[in-house]
Amino acid sequence: MLHFHNTLTRSAEPFVPLDPEGKKVKVYTCGPTVYNHAHIGNFRAYLFEDLLQRHLEYRGFQVERVMNLTDVDDKTIRGAREKGVPLAEFTQPFKNAFFEDLTTLRIKPADAFPAATEPLHIARMIAMIAQLIATGHAYQADDQSVYFRIASFPRYGKLAHLNLDELRPSGRVSSDEYEKESIGDFALWKAHDVADGEVKWDSPWGPGRPGWHIECSAMATGMLGDRLDIHCGGVDNIFPHHEAEIAQTECCTGEKFVNLWMHCAHLMVDGRKMAKSFGNFYTLRDLLDKGWTGREVRYVLLSAHYRLPLNFTFEGLAGARSALQRLDAWQQRLADLAGTAQASTPPPAAAEDKFAAALDDDLNISAALGALFDLVRETNRAMDRNELSPKQARGLLDYWARLNTVLRLEPEAAAIPPEITALLAERTAARTAKDWAKSDILREALLQHGWLVKDTKEGTKVSCTKG
RNA sequence: GGCGGGGUAGCCAAGUGGUAAGGCCGGGCUCUGCAAAAGCCCUAUGCGACGGUUCGAUUCCGUCCCUCGCCUCCA
89 MLHFHNTLTR SAEPFVPLDP EGKKVKVYTC GPTVYNHAHI GNFRAYLFED LLQRHLEYRG
149 FQVERVMNLT DVDDKTIRGA REKGVPLAEF TQPFKNAFFE DLTTLRIKPA DAFPAATEPL
209 HIARMIAMIA QLIATGHAYQ ADDQSVYFRI ASFPRYGKLA HLNLDELRPS GRVSSDEYEK
269 ESIGDFALWK AHDVADGEVK WDSPWGPGRP GWHIECSAMA TGMLGDRLDI HCGGVDNIFP
329 HHEAEIAQTE CCTGEKFVNL WMHCAHLMVD GRKMAKSFGN FYTLRDLLDK GWTGREVRYV
389 LLSAHYRLPL NFTFEGLAGA RSALQRLDAW QQRLADLAGT AQASTPPPAA AEDKFAAALD
449 DDLNISAALG ALFDLVRETN RAMDRNELSP KQARGLLDYW ARLNTVLRLE PEAAAIPPEI
509 TALLAERTAA RTAKDWAKSD ILREALLQHG WLVKDTKEGT KVSCTKG
């Protein structure tokens, strides 16, 4: 039985899909605002969601997932203005980069990536806002913007467990929002401002643009229906974003919007919040430029429990590289032993149960990886003693292939380049001639090219050190 | 001020009312032309501090310390 921690109730709950058949699972995940390259903190959230989806699928559920792209907000508009290009032209490269990054990190694409500026979604947002006004949940203020009236929704604050009477201004509230009935009322429709330039849509309340929260409500219900199984995001989205989504959506649909809210904790870098001013701010591209690979970053960001703050360090990345190479070596050794064996012996059932059962428990990835490494040690030991048959090796490889549909930690498919093959042949010749000096020089040369040479009983083997 | 997450070996990190998974690093050994890889062994009388409950607490309760975060558009 799967259990997940629900932010709303702050406790672990058995997972039961809305689907009467118990098969289909509807998941909505808050995506990036495309004003910049996403940073590794963003990707921690997307990797957590990837793990969630893959494990649900491992357990036989059919996941339908939607991730939005916020391509209109203060930051995107500012960026477009500074660059002197239309909004869409400004955001497109960042959308493209985001998809490339997802591929690099082996994150399974959502079934749909709706963007806020698509006419279909703008229309739905306007329709929802109109309905909210008609039912008294929203009003147009003197500044022409439309606000949600939180006083009309008593449950507002339930998700974040905030007592609205005790909120104190954080200084982030802009001072010109006195038009609102209550300080907590949030914008559904922002009246056009000169600073918005050409960015505007017509609406019954005049030209303007949608507020951030309504975007997710419209796209989530528009694409997945009025009720969702799971809605994810970072903890910083709990308030006000997800709180606002609940209020807007439930006032429109009259249904319980989301059954299970899951939020991942923040990523820290070198023990502190990642910020450009601290010099510890990294995008995925920054790490790739330093020679790290997508799967290494994936491993690091995935290997700690999602609800715990994760401290990212380069020492941790190096540790990930070592651990992954050990897994690679284990698979290679199994593959060599299995040879062409077809018949597969079932893997140790207990081991499989441990891995999947750990993930069943609110995605306890640490325990799951612990179970995997136990298996690695045990089977390596068996191979040392020649106590593992080719059939058993094949069975273990089959088992690994199943686990890997969740982990996706296989080596980068690195074809050996011709020049490397040539160097290897030259070295083999030198070794046959017992010219150890030349052999060692060639080994070092290969290492410089990024290829690690191992002379084993079965012959010389080579593996890429970058991956 | 309100609310919440953390403090477990050099680093990362599971976990339990009954005596501490796993990964990385480090040391020793086996194998090897050397190396690498792999395996085995070693590496926390200790789980932020102090009290309490208990036959027994890292695990429960209390107080305190440190740290990170949210409090109206940051994953």
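When we follow our numbering, the leftmost residue of the first sequence carries the number 89, and every step to the right adds one. Built from N, CA and C at the ideal position, the CB exists for glycine as well.
Neighbourhood of residue i by C-beta, 7 Å cutoff - its chain only, sequence neighbours within 5 removed
i           : result
residue 471 : 421, 425
residue 380 : 405
residue 130 : 120
Cross-strand partners of residue i (DSSP beta bridge)
i           : result
residue 152 : 114
residue 360 : 357
residue 443 : Its beta-bridge partners do not exist; DSSP assigns none.
residue 399 : 356
residue 91  : 102, 449
residue 551 : 540
residue 274 : 236
residue 279 : 296
residue 321 : 351
residue 346 : 316
residue 157 : 203
residue 127 : 371
residue 121 : 158
Rounded straight-line distance, which links the Cα of residue j to that of residue i
i           : j           : result
residue 157 : residue 117 : 10 Å
residue 164 : residue 413 : 41 Å
residue 496 : residue 348 : 25 Å
residue 542 : residue 461 : 22 Å
residue 187 : residue 521 : 51 Å
residue 212 : residue 305 : 9 Å
residue 230 : residue 92  : 44 Å
residue 455 : residue 446 : 6 Å
residue 236 : residue 311 : 23 Å
residue 198 : residue 393 : 22 Å
residue 274 : residue 332 : 8 Å
residue 514 : residue 548 : 12 Å
residue 429 : residue 465 : 22 Å
residue 558 : residue 356 : In the structure as shown, the chain begins at 89 and stops at 555. Residue 558 is therefore absent and cannot be evaluated.
residue 459 : residue 444 : 9 Å
residue 504 : residue 552 : 9 Å
residue 162 : residue 375 : 28 Å
residue 476 : residue 485 : 13 Å
residue 530 : residue 524 : 10 Å
residue 260 : residue 140 : Confidence in residue 260 is poor, its pLDDT being 43 and thus under 50, which makes the residue's placement too unreliable to answer from.
residue 262 : residue 327 : For residue 262, the predicted model reports a pLDDT of 45, less than 50, meaning its position is unreliable; a value from the coordinates is still stated below. About 17 Å.
residue 293 : residue 228 : 8 Å
residue 516 : residue 527 : 8 Å
residue 463 : residue 457 : 10 Å
residue 427 : residue 488 : 16 Å
Sequence-distant residues of the same chain with beta carbon closer than 8 Å to residue i, five excluded per side
i           : result
residue 508 : 534, 537, 539, 550
residue 98  : 249
residue 344 : 315, 338
residue 251 : 245
residue 468 : 418, 421
residue 452 : 393, 446
residue 270 : 237, 238, 239
Supposed close pair residue i, residue j - CB separation, criterion 8 Å
i           : j           : result
residue 492 : residue 498 : 6 Å
residue 296 : residue 391 : Wrong, their Cβ atoms sit about 44 Å apart, outside the cutoff.
residue 280 : residue 288 : 5 Å
residue 559 : residue 494 : In the structure as shown, the chain starts at 89 and stops at 555, and residue 559 therefore has no counterpart that could be examined.
residue 48  : residue 194 : Because the chain in this structure spans residues 89 to 555, residue 48 falls outside the shown range and cannot be described.
residue 389 : residue 132 : 5 Å
residue 100 : residue 244 : About 25 Å separates the two Cβ atoms, so there is no contact after all.
residue 128 : residue 396 : 16 Å between Cβ atoms; not a contact.
residue 217 : residue 226 : 6 Å
residue 308 : residue 154 : 7 Å
residue 89  : residue 108 : Between residue 108 and residue 89 the Cβ distance is about 18 Å, and since that is not below 8 Å, they are no contact.
residue 173 : residue 205 : The Cβ separation is near 15 Å, so there is no contact.
residue 614 : residue 149 : Residue 614 is absent from the model: the chain starts at 89 and stops at 555.
residue 282 : residue 319 : With 8 Å as the limit, residue 282 and residue 319 do not qualify as a contact, their Cβ atoms being about 36 Å apart.
residue 125 : residue 201 : Between residue 201 and residue 125 the Cβ distance is about 17 Å, and since that is not below 8 Å, they are no contact.
Own chain, CB closer than 6 Å to residue i, minus 5 neighbours either side, in chain order
i           : result
residue 214 : 291
residue 105 : 113, 317
residue 256 : Since pLDDT at residue 256 reaches only 47, below the 50 mark, its modelled position is unreliable, and the value read off the structure follows with that caveat. Excluding residues within five positions, none has a Cβ falling inside 6 Å.
residue 416 : 499
residue 192 : 382
residue 167 : 123, 178
residue 190 : none
residue 442 : 459
residue 136 : 352, 394
residue 340 : 216, 219
Residue ranges of each alpha helix (DSSP H) within the stretch 288 to 313, 4 or longer
Within the stretch 288 to 313, the complete alpha helix (DSSP H) runs of at least 4 residues are 300 to 312.
Could you tell me which whole alpha helix (DSSP H) segments of length 4 or greater appear in the stretch 177 to 246?
Within the stretch 177 to 246, the complete alpha helix (DSSP H) runs of at least 4 residues are 207 to 222.
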